[in-house]
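Residue numbers (my numbering): 317 to 525.
These notes are about the structure you will find just below.
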Amino acid sequence: MTDIHYLNHLRIPTVEDPLRILVSACLTGIMCGVDGDNYGEYPSVLKLMKYKNVQLIPFCPEDHSFGTPREMCDIHGGTGVDVLSGKAKVLTESGVDWTAGMINASEKMLEIAIQKKIELAVMMDISAACGSQVIYDGNRLVEDKKYQIGMGVCAAQLFRAGFKVISQRDFAALEILYSKIDPEHVVNPQANDHDQHEWYLEYFKKSGE
Ligand code: SF4
Numbered sequence: 317m318t319d320i321h322y323l324n325h326l327r328i329p330t331v332e333d334p335l336r337i338l339v340s341a342c343l344t345g346i347m348c349g350v351d352g353d354n355y356g357e358y359p360s361v362l363k364l365m366k367y368k369n370v371q372l373i374p375f376c377p378e379d380h381s382f383g384t385p386r387e388m389c390d391i392h393g394g395t396g397v398d399v400l401s402g403k404a405k406v407l408t409e410s411g412v413d414w415t416a417g418m419i420n421a422s423e424k425m426l427e428i429a430i431q432k433k434i435e436l437a438v439m440m441d442i443s444a445a446c447g448s449q450v451i452y453d454g455n456r457l458v459e460d461k462k463y464q465i466g467m468g469v470c471a472a473q474l475f476r477a478g479f480k481v482i483s484q485r486d487f488a489a490l491e492i493l494y495s496k497i498d499p500e501h502v503v504n505p506q507a508n509d510h511d512q513h514e515w516y517l518e519y520f521k522k523s524g525e
């Protein structure tokens, strides 16, 4: 659930003192996806790159620990919070245990967040590392793949330390962000966050979460 109150109270940034935003590197076009791709264009995030009063700090936690290209990985037995507390594991598609490497990546991401004094993180939802609202429940490559509500390991690490995380699909939150950055931006009142999307409401009602 996005902290709208926090976003409403974000400061108005200037060119001299830009808003510091940590961002999943793939969302900025960096080719750090599992297969060396950037997972496509996300105009909601690319838009942030054009403002001089925004300092984007891109980081790919999986690339940090496992390199690119790499295997696909997912969380088994819980969410990113559970991985951090030792109750769930991160396994690759071929069953290799990446739990320790993913925790290491999350610690690096937290170190960067603290060092750069970030004010917000915008991260790729659904990822076992960067997801903030929804992640896969176990291996995403099986025929009956399942989703669960929860954060990936790195988003959970940031959240646990008190940083605010939104995703590239939290359009209502992004609207507030744009309005802080750009005085001419007119907020779209129809915009929805990921947990208000039709797909999300329908899927999790169906799956009983
Ligand atoms: S979602 Fe996160 S871990 Fe995956 S490619 Fe993007 S930045 Fe890297």
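Quick reminder that beta carbons are idealized off the backbone N, C-alpha and C, glycines included.
Q: Provide the residue(s) that pair with Tyr463 in DSSP beta bridges, ordered along the chain.
A: Tyr452
Q. Does any heavy atom of the ligand SF4 sit closer than 7 Å to the C-beta of Asp498?
A. no
**Q.** Distance CB(Val450)-CB(Leu400) smaller than 8 Å
**A.** no
**Q.** heavy atom of the ligand SF4 below 7 Å from Cys389 C-beta
**A.** no
Q: Whole angstroms is fine: what's the gap from Val331's alpha carbon to Asp498's?
A: 12 Å
Q) Should Ala429 be counted as a contact of the ligand SF4 given a C-beta to heavy atom distance under 7 Å? A) no
Q) Using a Cβ-Cβ cut-off of 6 Å (strictly less than) and excluding sequence neighbours within five positions of Ile434, which residues of its own chain qualify? A) Arg336, Leu338
Q.
Using a Cβ-based criterion (distance less than 7 Å to any ligand heavy atom), does Asp379 qualify as near the ligand SF4?
A. yes
Q: Pull up the distance between the alpha-carbon of Ala507 and that of Ala488, whole angstroms please.
A: 5 Å
**Q.** Identified DSSP bridge partners for Gln371
**A.** Arg336
Q.
Mapping the DSSP letters down to three states, classify Cys470 as helix, strand or coil.
A. helix
(Q) Any contact between the stretch 391 to 400 and the stretch 349 to 360? By contact I mean 3 or more CB pairs, one from each, below 8 Å. (A) no
Q.
Just to confirm my understanding: we take Ser360, look at its own chain, exclude 5 residues before and 5 after, and list those with CB closer than 8 Å. What are they?
A. Gln484, Arg485, Phe487, Leu490
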